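One structure is given here, and the rest of the page talks about it.
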Amino acid sequence: MTFSLRRLALATGCLLLAGNALAAEPKRPECIAPASPGGGFDLTCKLVQSALVQEKILSKPMRVTYMPGGVGAVAYNAVVAQRPGDAGTLVAWSSGSLLNLAQGKFGRFDENAVKWLAAVGTSYGAIAVKSDSPYKTLDDLVAALKKDPSKVVIGSGGTVGSQDWMQTALIAKAAGINPRDLRYVALEGGGEIATALLGGHIQVGSTDISDSMPHIQSGNMRILAVFSEKRLDEPEMKDIPTAKEQGYDIVWPVVRGFYLGPKVSDEDYAWWKASFDKMLASEDFAKLRDQRELFPFAMTGEELDGYVKKQVADYKALAREFGLIQ
Numbered sequence: 008m009t010f011s012l013r014r015l016a017l018a019t020g021c022l023l024l025a026g027n028a029l030a031a032e033p034k035r036p037e038c039i040a041p042a043s044p045g046g047g048f049d050l051t052c053k054l055v056q057s058a059l060v061q062e063k064i065l066s067k068p069m070r071v072t073y074m075p076g077g078v079g080a081v082a083y084n085a086v087v088a089q090r091p092g093d094a095g096t097l098v099a100w101s102s103g104s105l106l107n108l109a110q111g112k113f114g115r116f117d118e119n120a121v122k123w124l125a126a127v128g129t130s131y132g133a134i135a136v137k138s139d140s141p142y143k144t145l146d147d148l149v150a151a152l153k154k155d156p157s158k159v160v161i162g163s164g165g166t167v168g169s170q171d172w173m174q175t176a177l178i179a180k181a182a183g184i185n186p187r188d189l190r191y192v193a194l195e196g197g198g199e200i201a202t203a204l205l206g207g208h209i210q211v212g213s214t215d216i217s218d219s220m221p222h223i224q225s226g227n228m229r230i231l232a233v234f235s236e237k238r239l240d241e242p243e244m245k246d247i248p249t250a251k252e253q254g255y256d257i258v259w260p261v262v263r264g265f266y267l268g269p270k271v272s273d274e275d276y277a278w279w280k281a282s283f284d285k286m287l288a289s290e291d292f293a294k295l296r297d298q299r300e301l302f303p304f305a306m307t308g309e310e311l312d313g314y315v316k317k318q319v320a321d322y323k324a325l326a327r328e329f330g331l332i333q
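The sequence shown runs 8 to 333 under the numbering used here.
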């Protein structure tokens with residue numbers, strides 16, 4: 008009888024624990040992509056939308072919503088000011104978000120205003136042109152810029168000082184061209200850059216290799232250079248030259264991840280962190296990440312918080328170098 012009671016108590020305890028774990032799952036989980044559909048933020052949200060269900064962390068896919076504006080600024084301010092304690096709301100961020108934070112482009116809120124949750128992968132910056140562009144190499148583009156920078160229309164995600172702007176500014180600096188002389192069209196993320204490039208509204212897209220791959224594979228777009236240390240070890244990317252091998256010592260990783268609002272409880276934050284730790288260790292997740300042309304970069308919790316703060320400090324130094332901030 009005692010043995011049976013113990014078994015019953017143990018079973019009841021297990022059911023209670025299971026109930027508590029189930030209760031921690033948000034009722035209406037949402038991933039905010041802070042840009043228009045089709046770019047890197049959209050890709051990041053849809054990656055975890057699939058992975059969290061595949062790993063049985065969420066019982067149904069989270070919805071993906073779009074909140075374009077300021078390459079992340081509108082979403083950042085909305086979550087911090089209006090939904091600070093919503094445990095079901097994840098917001099996608101990238102290295103470009105951190106660069107904008109470093110320059111104060113997110114308004115009154117800085118990098119300490121949210122809870123940095125996870126980094127799930129990295130891509131690399133890239134310079135894209137249409138497949139029929141007269142620019143075949145980075146040197147071709149630089150020659151045209153030197154001749155008359157006003158004749159080359161460059162599309163970038165965000166305005167002067169954005170991540171995409173910074174990529175071309177570093178090329179201009181290496182070539183002895185004043186970055187301020189370059190002709191930019193400010194767009195809202197990789198989806199809009201691709202649309203403008205393929206529509207002939209811009210001649211060059213300062214973008215991201217992950218955003219560009221569907222258009223490269225369709226034959227509509229070419230990459231002049233990817234800003235990685237060495238050629239990327241993927242069958243469809245192995246023939247894309249780096250900026251470094253063309254004589255331009257520029258490397259620009261584009262880390263992608265998620266943050267939560269500042270008043271999300273420690274318990275809810277811990278649930279999400281444990282969920283992402285489990286997901287990031289999964290081989291199935293690695294396959295999903297690879298399918299979306301992202302490379303390994305896994306970091307959560309305090310380690311990620313430290314990484315973000317260091318990156319923001321480094322970006323501030325770079326912004327000062329270009330005269331973007333005092």
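Ideal Cβ positions, reconstructed from N, Cα and C, are used throughout, including at glycine.
Remember, predicted model here, so these are calculated numbers, not experimental data.
In the DSSP assignment, find the beta strand (DSSP E) that holds residue i and state where it starts and stops.
{"i": "Trp278", "result": "Per DSSP, Trp278 belongs to no beta strand (DSSP E); it is in the alpha helix (DSSP H), Asp273 to Leu287."}
{"i": "Met228", "result": "Met228 to Val233"}
{"i": "Leu97", "result": "Thr96 to Ser101"}
{"i": "Val192", "result": "Arg190 to Leu194"}
{"i": "Ile161", "result": "Val160 to Gly164"}
First and last residue of the alpha helix (DSSP H) that includes residue i?
{"i": "Pro221", "result": "Ile216 to Gln224"}
{"i": "Thr129", "result": "First-last for Thr129: Lys122 to Lys137, but that is the beta strand (DSSP E), not the alpha helix (DSSP H)."}
{"i": "Arg327", "result": "Gly308 to Glu328"}
{"i": "Phe292", "result": "Glu290 to Gln298"}
{"i": "Ile178", "result": "Gln170 to Ala181"}
{"i": "Phe48", "result": "Gly47 to Gln61"}
{"i": "Tyr83", "result": "Ala80 to Gln89"}
{"i": "Leu145", "result": "Leu145 to Lys154"}
Rank the options by C-alpha distance to the C-alpha of residue i and give the top, closest one.
{"i": "Leu252", "options": "Met69, Glu236, Trp279 and Met244", "result": "Correcting the residue identity first, residue 252 is Glu in this sequence and not Leu. Comparing Cα positions, the closest option is Glu236."}
{"i": "Ser282", "options": "Ile200, Pro260, Ala126 and Val192", "result": "Ala126"}
{"i": "Ile39", "options": "Leu231, Ala85 and Ile216", "result": "Ala85"}
{"i": "Glu290", "options": "Ala135, Gln61 and Glu328", "result": "Gln61"}
{"i": "Phe265", "options": "Ala109, Ile257, Tyr276 and Ser272", "result": "Tyr276"}
{"i": "Lys285", "options": "Thr166, Leu177, Arg35 and Val55", "result": "Val55"}
{"i": "Leu239", "options": "Tyr131, Gln110 and Ser102", "result": "Tyr131"}
{"i": "Trp259", "options": "Ser43, Gly92, Asp321 and Lys154", "result": "Asp321"}
{"i": "Tyr73", "options": "Ser66, Lys67 and Val81", "result": "Val81"}
{"i": "Leu50", "options": "Lys280, Gly197, Lys154 and Thr307", "result": "Gly197"}
{"i": "Glu32", "options": "Lys280, Val319 and Ala293", "result": "Lys280"}
{"i": "Ala99", "options": "His222, Ile64, Pro44 and Gln110", "result": "Pro44"}
{"i": "Met244", "options": "Gln224, Gly165, Phe292 and Ala250", "result": "Gln224"}
{"i": "Thr144", "options": "Cys52, Ile247, Thr307 and Val71", "result": "Ile247"}
{"i": "Asp146", "options": "Gly313, Gly254, Phe329 and Glu274", "result": "Gly254"}
{"i": "Asp273", "options": "Gly308, Arg187, Arg299 and Ser66", "result": "Gly308"}
Taking C-beta to C-beta, are residue i and residue j nearer than 8 Å?
{"i": "Leu267", "j": "Leu124", "result": "yes"}
{"i": "Ser163", "j": "Tyr191", "result": "yes"}
{"i": "Ala201", "j": "Asp215", "result": "no"}
{"i": "Ala232", "j": "Ile134", "result": "yes"}
{"i": "Asn107", "j": "Phe116", "result": "no"}
{"i": "Val315", "j": "Glu118", "result": "yes"}
{"i": "Leu311", "j": "Arg263", "result": "no"}
{"i": "Glu37", "j": "Gly95", "result": "yes"}
{"i": "Val211", "j": "Val136", "result": "yes"}
{"i": "Gly128", "j": "Phe304", "result": "yes"}
{"i": "Lys153", "j": "Ala176", "result": "no"}
{"i": "Ile178", "j": "Val149", "result": "yes"}
{"i": "Ser213", "j": "Ile161", "result": "yes"}
{"i": "Pro75", "j": "Ala42", "result": "yes"}
{"i": "Met228", "j": "Leu204", "result": "yes"}
{"i": "Leu287", "j": "Ser57", "result": "no"}
{"i": "Pro91", "j": "Pro221", "result": "no"}
{"i": "Gly77", "j": "Ser138", "result": "no"}
{"i": "Ser157", "j": "Gly103", "result": "no"}
{"i": "Val319", "j": "Ala109", "result": "yes"}
{"i": "Gln174", "j": "Phe234", "result": "yes"}
Under a three-way DSSP split, which group does residue i fall into?
{"i": "Glu199", "result": "helix"}
{"i": "Leu29", "result": "Caution is warranted here: a pLDDT of 38 is assigned to Leu29, below 50, making its placement in the model unreliable, and the coordinate value is therefore given only provisionally. Helix at Leu29."}
{"i": "Ser11", "result": "Reliability fails at Ser11, whose pLDDT of 42 lies under 50, so the model's placement of it is uncertain and the value that follows must be treated cautiously. Note: Ser11 maps to helix in three-state DSSP."}
{"i": "Gly264", "result": "strand"}
{"i": "Pro213", "result": "Residue 213 is actually Ser in this sequence, not Pro. Strand, per DSSP."}
Going by DSSP, what residues sit across from residue i in a beta bridge?
{"i": "Glu37", "result": "Arg70 and Thr96"}
{"i": "Phe302", "result": "Thr129"}
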